[in-house]
Structures are given as structure tokens and as C-alpha cells.
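Peer 1:
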Amino acid sequence: MQLNFRKAGEGKPLVILHGLFGSADNWMGIAKDLSQHYTLYLVDQRNHGDSPHSDEWNYAAMADDLKELLDAESLDTVCLMGHSMGGKTAMNFALKYPERVDKLVVADIAPRYYPVHHQTILEGLNSLNFDKISSRKEADDQLAKYIPELGIRQFLLKSLTRVDGKFAWKINLPVITEKIENVGEALPGKGRFEGPTLFMGGENSKYIQEKDREDMERFFPGHHLIYIKKAGHWLHAEQPEAVVETLKAFLR
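Counting with the UniProt record's numbering, you get residues 1 to 252 for the letters of the sequence shown.
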């Protein structure tokens with residue numbers, strides 16, 4: 001699948017993958033700084049952003065999508081970073097194609113299985129009737145019945161677009177709803193990535209825990225784990241300067 005991506009800057013290639021319900025635009029806030037040092041590839045994963053939709057939606061397919069992108073751009077090796085779902089894609093890619101990854105950064109996700117915990121968000125997204133909704137405020141008001149947090153709603157509404165004069169989701173909501181369990185899958189049992197790996201957790205997040213160190217060591221023996229202070233799961237939005245400085249220090 002030919003993924004949509006944004007390219008900026010110059011220097012060594014750095015590919016960044018967003019999380020569930022996100023898009024390449026999520027990383028534009030820190031792109032300006034990073035693009036002074038790297039050629040950035042901000043990628044829309046399948047069924048997200050402006051990339052194509054598909055009924056096939058799992059980490060094996062998303063890893064192969066990334067390989068196709070690197071091949072098309074004639075990128076032999078890259079530094080690779082992924083957040084949450086994107087971090088799982090990045091880990092799967094590094095295990096399957098270790099020769100294509102120079103350094104790996106995984107933001108606030110571990111190799112283990114995560115139970116489904118997005119039911120309320122999916123209920124809210126599926127509740128929007130675009131035959132009746134004519135403004136973003138109406139969409140936000142409807143979402144607020146399910147999702148009280150304004151910041152989360154604003155993030156989700158970034159995937160709202162217009163098609164033939166009517167609102168629509170950029171994300172492939174039916175497939176994501178049907179196959180949401182795939183997002184929480186653990187890494188496959190085999191494979192190792194021996195290269196430098198940074199797990200970057202949010203200090204206030206519970207996504208990376210002490211019990212995850214065994215899996216990190218098994219799959220990524222060259223890993224380091226750090227926590228970004230005063231940050232939760234959306235560490236790049238909550239503490240962008242700290243994330244950028246930590247990332248640059250590791251990649252150097």
C-alpha cells in the first residue's frame with residue numbers, strides 16, 4: 001500500500017509513525033525543530049489520515065506498508081520512531097527488517113499485549129450521524145456525551161473531513177471498530193533487534209511498567225528506558241521540548 005506522508009528537512013532520514021486515531025499532522029508541532037537536523041517522514045498509517053483504507057488491518061500489514069514506503073523512497077536504513085500503535089508498528093518492523101533500522105525509538109508502548117480500552121471512544125465516534133451534523137461544534141457536542149475531555153475530543157476531530165459537502169471520518173472507522181483488538185496484540189514470539197533502542201515513556205502514564213523490562217530485554221537487548229517528566233501517554237503533545245531534546249540526544 002502506498003502510504004501518504006509529509007516530508008521535510010534535510011539530513012539523515014527519520015520516520016515517525018502516529019498512534020491510533022491519529023495522523024502525520026500530530027507530529028507537526030515538533031517537526032520544525034527536528035527538520036533542522038533530519039529529513040523527516042511523517043507517515044499516515046493505513047486506515048488513518050490521507051492514506052488508503054483497507055479491510056486488512058494488523059501490524060504485519062502495517063510493517064510491510066512501511067517497507068514499501070522505504071523502498072519507494074530509496075531509503076536503505078532509517079531512524080524509526082513510533083508512538084503507541086505506531087510504536088508497535090515500529091517494533092514489528094524492526095524485528096522483521098532489522099537491517100533497515102539504524103536506531104529505534106518507541107514512545108509510550110511496550111511489546112506486551114494490551115486489552116481493548118477504547119470502547120467509549122469508538123461508541124462516541126460511531127454515534128455521529130453526518131446526515132444531521134452540519135458543523136464541527138455539533139460534532140463536538142455529540143462527542144462530549146461520551147468523551148468529557150476537551151483535549152481528546154479535539155485530537156479525534158482532527159480526523160474529520162468533508163466529502164461532497166458532508167462531514168466524514170478520514171479514519172476507516174468500520175474496520176477499526178471491527179478489528180480494534182488487533183491494536184493491543186503483543187509482538188510475535190520470535191525475532192530480535194540488536195540495534196540501539198530507546199523506550200520513551202510518560203512519567204504519568206501506565207503504558208510502560210516495570211514488568212515490561214523482561215520483554216524489552218528479550219526483543220531489544222540494546223534498549224534503554226527513560227521517562228519524560230510531567231508527561232502522560234501523549235508525551236509529544238504535553239512535553240514537546242523534552243521529547244525533542246531526548247530524541248536528538250539519543251539519535252546523536
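From the three backbone atoms N, C-alpha and C, an ideal C-beta is built for every residue, glycine too.
(1) Checking the sheet assignment: what are the DSSP bridge partners for I152?
(2) Under the three-state reduction of DSSP, which class applies to F219: helix, strand or coil?
(3) Among the candidates L125, N58 and Y59, whose CA atom is the shortest distance from the CA of F21?
(4) Am I right that I109 and K88 are in contact with their C-beta atoms under 8 Å? What's the rounded C-beta distance?
(5) Applying the criterion that 16 or more other CB atoms from any shown protein chain within 10 Å of the CB defines a buried residue, is K145 buried or exposed?
(6) I want to know whether the stretch 206 to 225 touches the stretch 48 to 65 - three or more CB-CB distances under 8 Å.
(7) With burial defined as no fewer than 16 other Cβ atoms inside 10 Å of the residue's Cβ, what is the status of N92: buried or exposed?
(8) Using DSSP with H/G/I as helix, E/B as strand and the rest coil, what is T77?
(9) So, is Q119 buried or exposed, given that buried needs 16 or more other C-beta atoms within 10 angstroms?
(10) Under the assumption that G195 contacts L104 (Cβ atoms under 8 Å), give the Cβ distance between them as a whole number of angstroms.
(11) Helix, strand or coil, according to DSSP, for W27 in the structure here?
(12) If you compare alpha carbons, which of I152, K96, L160 and D33 is closest to A60?
(13) How would you write the range of the beta strand (DSSP E) that R6 sits in, first residue to last?
(14) Spatial neighbours of P13 within its chain, please: CB distance less than 6 Å, with the 5 preceding and 5 following residues excluded, ordered by chain position.
(15) Where does D64 fall in DSSP's three states?
(16) What residue range does the alpha helix (DSSP H) around F250 cover?
(17) Which partner residues does T161 have in the DSSP bridge list?
(18) Please report the residue range of the alpha helix (DSSP H) in which A90 lies.
(19) With distances taken from CA atoms, which of D44, P188, M81 and A63 is nearest R112?
Peer 2: Reading it off the structure:
(1) In the DSSP output, where bridge partners are listed per residue, I152 has none listed.
(2) helix
(3) L125
(4) 6 Å
(5) exposed
(6) no
(7) buried
(8) coil
(9) exposed
(10) 6 Å
(11) helix
(12) K96
(13) F5 to A8
(14) T39, L75 and V78
(15) helix
(16) P240 to L251
(17) A168
(18) M85 to K96
(19) P188
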